[in-house]
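Chemist:
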Amino acid sequence: MNIVFQDMQEHVLCFGDDIIIFSKDMHTHTAHVAQAIEDLTQVNLILNPDKCHFAQKAVYLLGFCVLAERVTLDRRKVANIATWPVPQTGKDIQRFLGVVNYFREHIPNISSITAALDGFRHAGNITHLWTTAHSNAFVTLQEILKRAPLVRYPDLRHPFSVATDASNVGIGAVLYQVINGETHHIAFMARVLSKSERNYSTTKRELLAIVYALDKFHKYLWGNHFTLYTDHRALTYLHTQRVANPMMINWLDLLLQYNFDIIHLPGLDNILPDQLSRLFPSGKELEEGIESNIVTRAIDVQNAEDDLQDMIQPPEEERQHILEQQHLFGHFGANAMVQALHSNGIHWPNINKEAADTVKKCTECQKFNIVKKDTTHLDLYMHSSQQTTGQ
Numbered sequence: 001m002n003i004v005f006q007d008m009q010e011h012v013l014c015f016g017d018d019i020i021i022f023s024k025d026m027h028t029h030t031a032h033v034a035q036a037i038e039d040l041t042q043v044n045l046i047l048n049p050d051k052c053h054f055a056q057k058a059v060y061l062l063g064f065c066v067l068a069e070r071v072t073l074d075r076r077k078v079a080n081i082a083t084w085p086v087p088q089t090g091k092d093i094q095r096f097l098g099v100v101n102y103f104r105e106h107i108p109n110i111s112s113i114t115a116a117l118d119g120f121r122h123a124g125n126i127t128h129l130w131t132t133a134h135s136n137a138f139v140t141l142q143e144i145l146k147r148a149p150l151v152r153y154p155d156l157r158h159p160f161s162v163a164t165d166a167s168n169v170g171i172g173a174v175l176y177q178v179i180n181g182e183t184h185h186i187a188f189m190a191r192v193l194s195k196s197e198r199n200y201s202t203t204k205r206e207l208l209a210i211v212y213a214l215d216k217f218h219k220y221l222w223g224n225h226f227t228l229y230t231d232h233r234a235l236t237y238l239h240t241q242r243v244a245n246p247m248m249i250n251w252l253d254l255l256l257q258y259n260f261d262i263i264h265l266p267g268l269d270n271i272l273p274d275q276l277s278r279l280f281p282s283g284k285e286l287e288e289g290i291e292s293n294i295v296t297r298a299i300d301v302q303n304a305e306d307d308l309q310d311m312i313q314p315p316e317e318e319r320q321h322i323l324e325q326q327h328l329f330g331h332f333g334a335n336a337m338v339q340a341l342h343s344n345g346i347h348w349p350n351i352n353k354e355a356a357d358t359v360k361k362c363t364e365c366q367k368f369n370i371v372k373k374d375t376t377h378l379d380l381y382m383h384s385s386q387q388t389t390g391q
């Protein structure tokens with residue numbers, strides 16, 4: 001069929017015996033339809049009028065609804081998923097996940113959500129193995145498909161944005177554009193971390209999420225300037241880093257091939273669909289049953305040392321400003337400030353001393369003796385209130 005329409009490839013697509021003709025306006029569409037009918041007539045192919053639909057604003061094809069500016073799921077197909085009975089066997093799981101995976105590009109973090117069910121694909125009767133975690137995954141997939149976000153076509157006249165996120169067990173990202181104040185989602189990606197990747201430091205996992213996202217969205221981002229959003233503050237200093245970790249060096253070399261600005265945005269829920277940053281399984285499930293013995297404590301110490309090595313050092317001229325900003329969040333003591341910065345993947349030599357010096361310079365903290373107590377004004381206020389109430 002493609003041979004028949006080889007001169008109309010910019011306006012005609014074929015899949016099996018389905019022929020889709022698309023145009024910018026009704027005038028050109030009329031001409032395109034006439035030309036397509038003429039081409040079919042030339043090779044003695046006859047159309048069935050009962051199966052032809054003309055001048056449509058939406059086309060339902062292969063489980064999707066294709067509109068002028070976006071693609072969404074065919075709600076008629078999704079309805080089948082919404083009423084799907086609870087699986088009883090491995091075969092039921094295979095059928096259910098087969099349908100779900102067909103729409104995977106519209107489901108953020110699908111690999112993380114289906115992880116609980118994947119192990120049942122080749123099982124027999126699973127009713128005695130079915131737990132609350134499996135029920136939650138099953139219902140979550142049904143609910144997501146009901147409210148699956150619209151995926152739009154990219155508009156090359158507008159810049160792209162990428163937002164990434166990482167948890168203890170998975171990474172995810174979304175590619176989108178903001179056009180006339182409206183967010184247009186272009187694509188999603190997500191995957192579960194391997195066993196070794198789960199041992200990465202926070203900074204390393206967040207960096208992995210960025211590298212993986214740029215690889216997946218390469219065809220949209222390569223050669224175009226874009227904005228990268230992360231909720232991990234340390235990564236905003238990527239362009240100024242000297243990194244000792246060989247793997248991270250390779251990643252940074254890859255990132256520097258792209259033209260982008262990186263912006264720290266606390267709480268990515270403002271950009272990412274709710275599912276993207278919330279539907280990773282809890283890391284607590286991975287930790288259940290692990291005893292706190294000498295071996296695991298030794299591993300924890302080693303991981304803590306590795307975390308410091310993987311953390312990013314901001315330029316010296318910005319360090320004092322960072323400490324002051326962190327302190328003003330709640331007039332925290334030095335230890336609390338350093339812990340907060342470490343949680344954001346930021347560290348540098350003598351950070352503890354410089355944090356203590358920052359607290360000492362704060363006149364408000366001197367009044368409450370924060371330097372010695374390493375508390376906050378709120379802590380002292382609550383303590384004072386409790387004493388007053390007890391009198």
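Residue numbers in the sequence shown follow the UniProt record's numbering, run continuously in steps of one, and reach 391 at the last position.
Quick reminder that beta carbons are idealized off the backbone N, C-alpha and C, glycines included.
1. Taking the C-alpha atoms as reference points, what is the distance between Asp-261 and Gln-325?
2. Check whether the segment 195–205 and the segment 151–171 touch, using three or more Cβ-Cβ pairs below 8 Å as the test.
3. Does the segment 136–147 touch the segment 180–196, meaning 3 or more C-beta pairs lie closer than 8 Å?
4. Can you tell me which of His-122, Val-66, Leu-145 puts its alpha carbon nearest to the alpha carbon of residue 402?
5. Kindly indicate the opening and closing residues of the beta strand (DSSP E) around residue 392.
6. Less than 6 Å between C-beta atoms, sequence neighbours within five positions excluded: which residues of the same chain meet that for Phe-15?
7. Please classify Ile-290 as buried or exposed, where buried requires at least 16 other C-beta atoms within 10 Å of its C-beta.
8. Please confirm whether Asp-18 has its beta-carbon closer than 8 Å to some beta-carbon of chain D.
9. Classify Gln-56: buried if its beta carbon has 16 or more other beta carbons within 10 angstroms, exposed otherwise.
10. Let me confirm a value: Asp-231 is counted as buried when at least 16 other C-beta atoms fall within 10 Å, else exposed. Which label applies?
11. From His-158, Ser-194, Gly-170, Met-248, pick the residue whose C-alpha is nearest to that of Gly-181; which is it?
12. Reducing DSSP to helix, strand and coil, say where Val-99 ends up.
13. In its own chain, which residues sit with a C-beta less than 6 Å from the C-beta of Asp-7, not counting the 5 before and 5 after it?
14. Nearest-angstrom Cα distance between Val-178 and Leu-255?
15. Can you list, in chain order, the residues of its chain whose CB lies under 6 Å from that of Asp-18, leaving out five sequence neighbours each side?
16. Verify whether the separation of the beta carbon atoms of Gln-88 and Thr-131 is less than 8 Å.
17. What does DSSP give as the partner residue(s) for Ser-201 in the beta ladder?
18. For Tyr-220, report the span of its alpha helix (DSSP H) as first-last.
19. Give the C-beta separation of Leu-208 and Phe-160 to the nearest angstrom, bearing in mind that I take them to be a contact with Cβ-Cβ under 8 Å.
20. Just tell me which of Leu-129, Tyr-176, Trp-348 has its CA closest to the CA of Glu-317.
21. What is the rounded straight-line gap between the Cα of Val-99 and the Cα of Thr-183?
22. What residues in its chain sit with their C-beta under 6 Å from that of Thr-28, if we drop five residues either side in the sequence?
Modeler: Judging by the given coordinates:
1. As a first step, residue 261 must be located in the sequence shown, where it is residue number 261. As a first step, residue 325 must be located in the sequence shown, where it is residue number 325. The alpha-carbon atoms of Asp-261 and Gln-325 are separated by roughly 22 Å.
2. yes
3. no
4. No statement about residue 402 is possible, as the shown extent of the chain runs from 1 to 391 and does not include it.
5. The structure shown does not extend to residue 392, since the chain spans only 1 to 391, so no value can be given for it.
6. Here residue 15 refers to the residue found at position 15 of the sequence shown. Excluding positions up to five away in sequence, the list is empty.
7. If you number the sequence shown from 1, residue 290 lands on position 290. At Ile-290, the pLDDT of 36 sits below 50, so the modelled position is not reliable; the number obtained from the coordinates is stated separately. So Ile-290 counts as exposed.
8. Any reference to chain D falls outside this structure, which holds one protein chain only.
9. Working through the sequence shown from its first residue, we reach residue 56 at position 56. By the 10 Å Cβ count, Gln-56 comes out exposed.
10. Indexing the sequence shown from 1 puts residue 231 at position 231. It is buried - the Cβ of Asp-231 has at least 16 other Cβ atoms within 10 Å.
11. The residue given as residue 181 occupies position 181 in the sequence shown. For the residues His-158, Ser-194, Gly-170, Met-248, the minimum Cα distance to Gly-181 belongs to His-158.
12. Against the sequence shown, residue 99 aligns to sequence position 99. Helix at Val-99.
13. As a working note, residue 7 is residue 7 in the sequence shown. Hits under 6 Å: none found.
14. Against the sequence shown, residue 178 aligns to sequence position 178. Against the sequence shown, residue 255 aligns to sequence position 255. Cα-Cα distance, rounded: 23 Å.
15. Against the sequence shown, residue 18 aligns to sequence position 18. Nothing meets the Cβ criterion.
16. Position 88 of the sequence shown holds residue 88. Position 131 of the sequence shown holds residue 131. Contact flag unset, no.
17. Working through the sequence shown from its first residue, we reach residue 201 at position 201. Per DSSP, none; premise fails for Ser-201.
18. Walking along the sequence shown from the start, residue 220 turns up at place 220. Per DSSP, Tyr-220 belongs to the alpha helix (DSSP H) from 218–221.
19. One-based indexing of the sequence shown puts residue 208 at position 208. One-based indexing of the sequence shown puts residue 160 at position 160. Rounded, the Cβ-Cβ distance is 20 Å, inconsistent with contact.
20. Translated into the one-based positions of the sequence shown, residue 317 becomes position 317. Here the closest residue by C-alpha is Trp-348.
21. The residue you call residue 99 lines up with position 99 of the sequence shown. The residue you call residue 183 lines up with position 183 of the sequence shown. When rounded, the distance between both Cα atoms is 28 Å.
22. The residue given as residue 28 occupies position 28 in the sequence shown. Nothing listed; no residue qualifies.
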